[in-house]
Amino acid sequence: MATILIVEDDALLLDALTGQLKQLDYSVCTASSVAQAMALLQTQAVDGIILDLGLPGADGMELLTWARAHIAGLPVLILTARDGVDDRVLGLNAGADDYITKPFNMQELQARLQAMLRRARQPAFTQASSAAGVANTTIGPLVLDHASHSAALNGDLLELTQREWELLELLAHRCGEVVTRDDVLAAWRASPPEPGQTAAPLNSNALEVYVHRLRKKLDQSNLVIRNIRGLGYMLNKP
1 MATILIVEDD ALLLDALTGQ LKQLDYSVCT ASSVAQAMAL LQTQAVDGII LDLGLPGADG
61 MELLTWARAH IAGLPVLILT ARDGVDDRVL GLNAGADDYI TKPFNMQELQ ARLQAMLRRA
121 RQPAFTQASS AAGVANTTIG PLVLDHASHS AALNGDLLEL TQREWELLEL LAHRCGEVVT
181 RDDVLAAWRA SPPEPGQTAA PLNSNALEVY VHRLRKKLDQ SNLVIRNIRG LGYMLNKP
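Residue numbers (UniProt numbering): 1 to 238.
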């Protein structure tokens with residue numbers, strides 16, 4: 001049973017959300033302020049957060065920033081009345097996994113919450129390979145060393161940034177399968193920022209840039225990163 005923390009200061013909405021999620025067999029805990037939520041998160045493990053932004057005392061964005069710095073991989077769905085494009089971009093770039101505006105459809109919220117939790121449970125990057133006891137992954141001329149976070153192509157070490165390595169490892173882990181954009185962005189947000197970067201935008205535009213860079217580095221091989229229209233990317237099996 002997944003445990004969801006709802007951070008909402010509207011008592012009626014909080015009660016309604018709590019009741020709906022309990023009917024779906026979620027365990028629910030609640031907070032009506034950033035301070036209450038932080039205190040709870042330091043003593044209790046949760047599987048996801050539904051977060052309002054307009055909270056008393058401190059803005060919900062402060063909790064999002066705090067959670068990203070202290071709890072790796074915790075999925076956060078923003079549920080707010082702030083419906084401007086700039087607000088959405090700010091929330092997603094700050095690390096939110098999804099963003100829904102009020103008023104909202106409960107069935108859509110349920111579907112998005114379930115999708116967010118599914119993505120969070122998917123194996124990602126080094127943790128998945130290490131847990132399975134896999135030291136190296138070989139795909140044709142490409143060899144990934146998970147312990148050192150390095151890759152070699154035809155015996156030559158590739159120069160990879162942290163995000164490039166994470167993207168390549170995820171594509172290799174699911175070689176021949178589609179990796180959605182949401183999969184990559186969710187896993188990126190669950191990992192620390194690249195050295196020297198504290199607020200790099202994690203969005204589809206940034207992902208396109210990293211895919212382009214990685215394609216260039218694999219250009220002299222028979223390995224191809226395909227763009228699957230409307231879905232994401234796939235590393236073709238050689």
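Glycine included, each C-beta is placed from N, C-alpha and C at the ideal position.
On a CA-only basis, which of W66, G57 and N93 is nearest A186? Give me that one, please.
As a position in the sequence shown, residue 186 is number 186, starting the count at 1. Here the closest residue by C-alpha is N93.
State the Cα-Cα distance for the pair E8 and M106, rounded to the nearest angstrom.
Indexing the sequence shown from 1 puts residue 8 at position 8. Indexing the sequence shown from 1 puts residue 106 at position 106. Whole-angstrom Cα-Cα distance: 16 Å.
query = Can you tell me whether V209 is buried or exposed, with buried defined as 16 or more other CB within 10 angstroms of its CB?
reply = Residue 209 sits at position 209 when you count from the first residue of the sequence shown. V209 is exposed by the Cβ-count criterion.
| query | What's the C-alpha gap between N227 and A67? | reply | Within the sequence shown, numbered from 1, the residue matching residue 227 stands at position 227. Within the sequence shown, numbered from 1, the residue matching residue 67 stands at position 67. For N227 and A67, the distance between alpha carbons rounds to 32 Å.
Worksheet entry | Boundaries of the beta strand (DSSP E) in which T161 is found, first to last residue | Taking the first residue of the sequence shown as position 1, residue 161 is located at position 161. Taken as a continuous stretch (DSSP letters only), T161 belongs to no beta strand (DSSP E), as it is neither H nor E.
**Asked** Nearest to L13 by CA position, among T3, T30 and D25, is which residue?
**Response** Looking up residue 13 in the sequence shown gives position 13. That would be T30, whose Cα lies nearest to the Cα of L13.
Requested in this report: Can you grab the Cα-Cα spacing for the pair L223 / Q44, in whole Å?
Outcome: As a first step, residue 223 must be located in the sequence shown, where it is residue number 223. As a first step, residue 44 must be located in the sequence shown, where it is residue number 44. One C-alpha to the other measures close to 44 Å.
DSSP-derived helix/strand/coil call for T65: For this step, residue 65 is matched to residue 65 along the sequence shown. It is helical.
For R174, three-class secondary structure by DSSP
Working through the sequence shown from its first residue, we reach residue 174 at position 174. Coil.
(Q) Distance check for T65 and R88, CA to CA, integer angstroms please. (A) The residue labelled residue 88 in the question sits at position 88 within the sequence shown. The residue labelled residue 65 in the question sits at position 65 within the sequence shown. Approximately 15 Å between the Cα atoms of the pair.
If contacts are defined as beta-carbon pairs under 8 Å, then K237 and G176 qualify, I think. What distance do you get, rounded to the angstrom? The residue labelled residue 237 in the question sits at position 237 within the sequence shown. The residue labelled residue 176 in the question sits at position 176 within the sequence shown. At roughly 5 Å, the Cβ-Cβ gap stays under 8 Å, so K237 and G176 are in contact.
Next on the checklist: Just to confirm the assignment, what range does the alpha helix (DSSP H) spanning M38 have?
Outcome noted: In the sequence shown, residue 38 corresponds to position 38, counting from 1. First-last of the alpha helix (DSSP H) with M38: V34 to L41.
Bridge partners - R213, DSSP secondary structure assignment = Here residue 213 refers to the residue found at position 213 of the sequence shown. Looking at the DSSP assignment, R213 forms no beta bridge with any residue, so it has no partner.
Could you name each continuous alpha helix (DSSP H) segment of 4 residues or more that falls completely within the UniProt domain "Response regulatory" (3-117), going from the start of the chain to the end?
11-23, 34-41, 60-70 and 85-93
For this session: Return helix, strand or coil for A131, following the three-state DSSP convention.
Result: In the sequence shown, the residue the question calls residue 131 occupies position 131. A caution first: A131 carries a pLDDT of 39, below 50, which makes its placement in the model unreliable, though a value can still be read off. If DSSP states are grouped into helix, strand and coil, A131 belongs with the helices.
DSSP three-state assignment for A124, whether helix, strand or coil: In the sequence shown, counting from the first residue as 1, residue 124 sits at position 124. At A124, the pLDDT of 48 sits below 50, so the modelled position is not reliable and the matter cannot be decided from this model.
Notebook entry, point to check: Quick one: Cα of L55 to Cα of L171, how far?
Noted result: Residue 55 sits at position 55 when you count from the first residue of the sequence shown. Residue 171 sits at position 171 when you count from the first residue of the sequence shown. Each residue's Cα considered, the two are about 39 Å apart.
Confirm, please, whether the CB-CB distance from M116 to D145 is below 9 Å. Against the sequence shown, residue 145 aligns to sequence position 145. Against the sequence shown, residue 116 aligns to sequence position 116. No, Cβ-Cβ distance for D145 and M116 is not below 9 Å.
Quick one: measure Cβ to Cβ for L51 and I78, integer angstroms, because I've assumed they're closer than 8 Å. On the sequence shown, residue 51 is found 51 positions in, with the first residue counted as 1. On the sequence shown, residue 78 is found 78 positions in, with the first residue counted as 1. At roughly 5 Å, the Cβ-Cβ gap stays under 8 Å, so L51 and I78 are in contact.
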